[in-house]
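According to mature numbering (1 follows the signal peptide of the UniProt record, and there is no 0), the stretch in the sequence shown is residues -26 to -1, 1 to 203, in order. For glycine and all other residues, C-beta sits at the position ideal for the given N, C-alpha and C. Treat the numbers as computed from the prediction; the structure is a model and nothing was measured. Have a look at the structure below before the remarks.
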Amino acid sequence: MHRRSFITIGLVGAFAAPALFAFAQAGTVTIPVFVGDTTNLTLGSWGSGKAERNTDDILLGNSSIKVTTQGLYQGARIEFKTPVDLTPAFNNPKTYMRFQFHFTGAGSTQQTFDPATGETRAASAAPFDHMRFLLTMADGSRRELIRPVVVPPSDDPDAWVPVSFPVSALLKTPGAQTAATPAGAATAAPAAPAAAPTGDAARVAQIAVFGDKYQEFQIGEISVITDET
């Protein structure tokens, strides 16, 4: 069954609302990573998690990827037989990596009572508090993100949900501890952007996807979008 309705999901702190709107505007450029064809993929497990081809719940092409995750370190492994070149994305600060997910029932509306106002309001039905994304590049280097997840309420539990983050976030590197800070009492310096990778370091060979609790869900699309507006 094809499901083509959408709701918008946010990775908290990842990008501003204007960037979400820009995805629908003319002038954007897309690097297709997965668009419903598993020919270039090898699907496997990370720990006790799993990735499997699914033909029952499709967004694009002829298949989706069914993910089973048991936590932030037990999830789906998606390997690319031919690594995908992300060089243009790493060199453009306006690029975003977008996943289209179908979380079973995750977008459905839940009602909560606010005693302060006496009103009943729709509440978020997020499937996870956090998701983890681990990219392994063709040179063996890894780039990782862990992000909070917020799902706005929706009356459609079957909606496909776009989850996006700026590619520039993959360039962040932990700040170094200064020599003057006593051991055991240090606070890491703020993350700083690293130089854009080149060659095999910019070609993604594997993507692993995790949620912070048990869940089965579908990936209908993975793409990189460049907003040039």
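Cα separation between residue i and residue j?
i           : j      : result
Glu118      : Leu109 : 6 Å
Phe139      : Gly114 : 22 Å
Val7        : Ala170 : 19 Å
Phe191      : Ala168 : 33 Å
Pro136      : Asn14  : 22 Å
Val123      : Arg106 : 10 Å
Ala133      : His76  : 6 Å
Trp20       : Ala182 : 7 Å
Thr172      : Asp59  : 9 Å
Ile5        : Arg121 : 22 Å
residue 264 : Val9   : This structure does not reach residue 264, given that the chain is present from -26 up to 203, and the question cannot be answered.
Pro126      : Thr78  : 14 Å
Ala63       : Val141 : 7 Å
Leu145      : Gly18  : 26 Å
Near residue i, which residues of its chain fall below 6 Å by C-beta distance, leaving aside the five closest residues on each side in sequence?
i      : result
Asn66  : Thr200
Tyr188 : Gln44
Thr42  : Gly23, Lys24 and Glu190
Arg72  : Pro136, Ser138, Ser197 and Ile199
Lys55  : Asn14
Less than 8 Å between the C-beta atoms of residue i and residue j, yes or no?
i      : j     : result
Leu33  : Gln74 : yes
Lys40  : Glu53 : no
Asn28  : Asp11 : no
Val198 : Thr69 : yes
Ile196 : Ser38 : no
Who are the Cβ neighbours of residue i in its own chain at under 8 Å, not counting the five residues just before and after it?
i      : result
Pro57  : Met111, Ala112, Asp174, Arg177, Val178 and Ala179
Phe102 : Val123, Gly185, Asp186, Lys187 and Gln189
His104 : Leu46, Ile120, Arg121, Pro122, Val123, Gly185 and Asp186
Arg116 : Leu108, Leu109 and Thr110
Residue i: buried (16+ other C-beta within 10 angstroms of its C-beta) or exposed?
i      : result
Arg51  : buried
Asp186 : buried
Under the DSSP definition of a beta bridge, which residues are partnered with residue i?
i      : result
Ser197 : Pro6 and Arg72
Leu145 : For Leu145, which the question treats as bridged, DSSP gives no partner whatsoever.
Asp59  : Arg177
Leu109 : Arg117 and Ile181
Phe191 : Val41 and Phe77
Gly49  : Trp20
Ala25  : Val41
Phe102 : According to DSSP, Phe102 bridges with nothing at all.
Val137 : Phe73
Leaving out the 5 sequence neighbours to the left and right, which residues in its chain are closer than 7 Å to residue i when beta-carbon positions are compared?
i     : result
Ser22 : Gln44 and Gln48
With hydrogens ignored, establish whether the beta-carbon of residue i is closer than 7 Å to any heavy atom of the ligand NAP.
i     : result
Leu60 : What this structure holds is no ligand at all, so the ligand NAP is not there to describe.
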